[in-house]
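**Student:** Note that the working numbering has the sequence shown beginning at 24, numbered continuously upward. Handing you a structure now.
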Amino acid sequence: MSEQLIDPFGRRITYLRLSVTDRCDFRCTYCMSEDMQFAPRSQILSLEELYNVADAFIGLGVKRIRITGGEPLVRKNLLSLLNRLGARSELEDLAITTNGSQLHNQAQLLREAGVKRLNISLDSLQRERFAAFTRRDQLTQVLAGIEAARSAGFSKIKLNSVVQKGRNDDEVIELLEFAMARGMDISFIEEMPLGSISSHQREQTFCSSDDVRQLIEQRYDLVRSSKLTGGPSRYWQVVGSATQVGFISPHSHNFCGDCNRVRVTAEGKLVLCLGHENALDLKGLMRRYPGDTERLRSAIAESLRLKPERHHFAVEEQVQVLRFMSVTGG
Ligand code: SAM
Ligand code: SF4
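Following this line, the structure appears as C-alpha cells:
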C-alpha cells in the first residue's frame, strides 16, 4: 500500500496515539477532577473498532502506535487487541503509556503480546506526595509494577514526570537518579492547560523545562541527543550514564514544525493536534458503514487537510482546550 498521510504543510504522519479508554483508576490532579464524568460505554470504541482504526492507519503508512488513555491497562481484554497489533509486521513500534498500577501482574503479558516500549508515569517517590498527585495511595504498587516491567525485558522503559513548582520540583534529581540506577530514560513534562481543574492554579505551579534542565545541570552534565521523535520531547544524554532525559515543553518550545502524529480518542474522534479542537468522528463513520475499510481510510486521509500548522498554549490562560488529557490520550 503506497498511500501515505501527508498534511498541507508537508508533514508525513507515521505515528498514531490510540486511546483505548477515558477511564482511569487514578485521579491525577492535573489531569482529572475527582468526580469525572466518563463517556457511556456504548460511546467508547469496541476492541474490534479500535483494531479497525489502527489497521486503517497502518494501511496509510503509520509505523508506530502508542496505546494510551485514560489508563489503558484498565480496559478489559486489552491484551486481545495488543496481540493482534503485535502481530502486524508493518509496525516498527508498539508502545504503551501507563500509570503503572496494573503492571505488577500485566507486564509480562504485554511483552509477550509484542509491546516493545513502556512509558510509566511517576511524579514522586514520596508516598504522601504521590497520593496527593494521583489522589490514590498506590506508590508501592506502582514501584512493584516498574520492577515487573524491568524483569519482563522491554527494549526501553521511560518514566514521565509532570513537574510542578513547590510540589515536586525538589525531587527532580531523585527521580532522575531513580531512572539512572535502573537504566531507564525519564521525561520531565510541563503541565498543559487541558481541561478545567480546581486543585491548583496552573500559573503558580508552572515549572518550565528550562528550569528543570538547569536544576539537573547543577549536578550532571547533559549533552544534546540526536534522538528526534517528531513529538514535543527533546532529549539529552546524561554524560557517563545510559539514561536519556527528555523535556516535554509544549509551552516553552515550539515542536510543531516536525509533528508526525495524530491521536484517536477512546470515543473515536481523530484529533489532529493536541492544542486544537479540530476532530473527525471516526466512530460515527464506522458505525454507519461497518466494514467499509476504504471509506475509513479515505476519511482519515482527507481529514489531514484540517491539521493545523501549530498550536498556541499560554500558561496564563486556564483552559484553552476543553478536552482533558485523559480524553485525548497523552
Ligand atoms: N494513564 C496513563 C498515564 O498516566 O501514564 C496514560 C494517559 S496520561 C493522560 C498520559 C500522560 O499525560 C501522563 O504522563 C500524564 O502525566 C500526562 N498528563 C496528563 N495531564 C496532563 C497535563 N495537563 N499536562 C501535562 N501532562 C499531562
Ligand atoms: Fe489517569 Fe494518567 Fe490522567 Fe493520571 S495522568 S488521571 S493516571 S489518565
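The beta carbon of each residue, even a glycine, is placed where N, CA and C say it ideally should be.
1) Specify the secondary structure class of residue 120 as computed by DSSP and reduced to three states.
2) Just to confirm the assignment: which complete beta strand (DSSP E) runs, minimum length 3, are found wholly within the stretch 54 to 96?
3) Would you give the residue range spanned by the alpha helix (DSSP H) that residue 106 belongs to?
4) Alpha helix (DSSP H) containing residue 234: first to last residue?
5) Might you give, ordered along the chain, the residues of its own chain that have their beta carbon closer than 6 Å to the beta carbon of residue 339, omitting 5 neighbours on each side?
6) Mapping the DSSP letters down to three states, classify residue 189 as helix, strand or coil.
7) Tell me whether residue 247 sits in a helix, a strand or coil according to DSSP, three-state version.
8) On a Cα-Cα basis, can you pick out the residue from 138, 109, 163 and 134 that is closest to residue 124?
9) Would residue 40 be called buried (16 or more neighbouring beta carbons within 10 Å of its own) or exposed?
10) Buried or exposed for residue 30, going by 16 or more other Cβ atoms inside 10 Å?
11) Report the three-state DSSP secondary structure of residue 211 (helix, strand or coil).
12) Across the stretch 107 to 115 and the stretch 149 to 159, are there enough close Cβ pairs to call them in contact, namely three or more that are closer than 8 Å?
13) So for residue 165, helix, strand or coil by DSSP?
14) Is residue 93 closer than 8 Å to residue 136 when the C-beta atoms are compared?
15) At the level of alpha carbons, what is the spacing between residue 231 and residue 270?
16) Taking the beta carbon of residue 176 as the centre, do at least 16 other beta carbons fall within 10 Å, making it buried, or is it exposed?
**Tutor:** Looking at the coordinates:
1) strand
2) 87 to 91
3) 101 to 109
4) Taken as a continuous stretch (DSSP letters only), the alpha helix (DSSP H) holding residue 234 covers 232 to 240.
5) Per-residue confidence for residue 339 stands at a pLDDT of 43, beneath the threshold of 50, marking its modelled position as unreliable; no derived number is given.
6) Look at residue 189 here: in three-state DSSP terms it is coil, with no helix or strand label.
7) strand
8) 163
9) buried
10) buried
11) DSSP, read as helix, strand or coil, puts residue 211 in strand.
12) no
13) Secondary structure at residue 165: helix, using DSSP grouped into helix, strand and coil.
14) no
15) 9 Å
16) Flag for residue 176 reads exposed.
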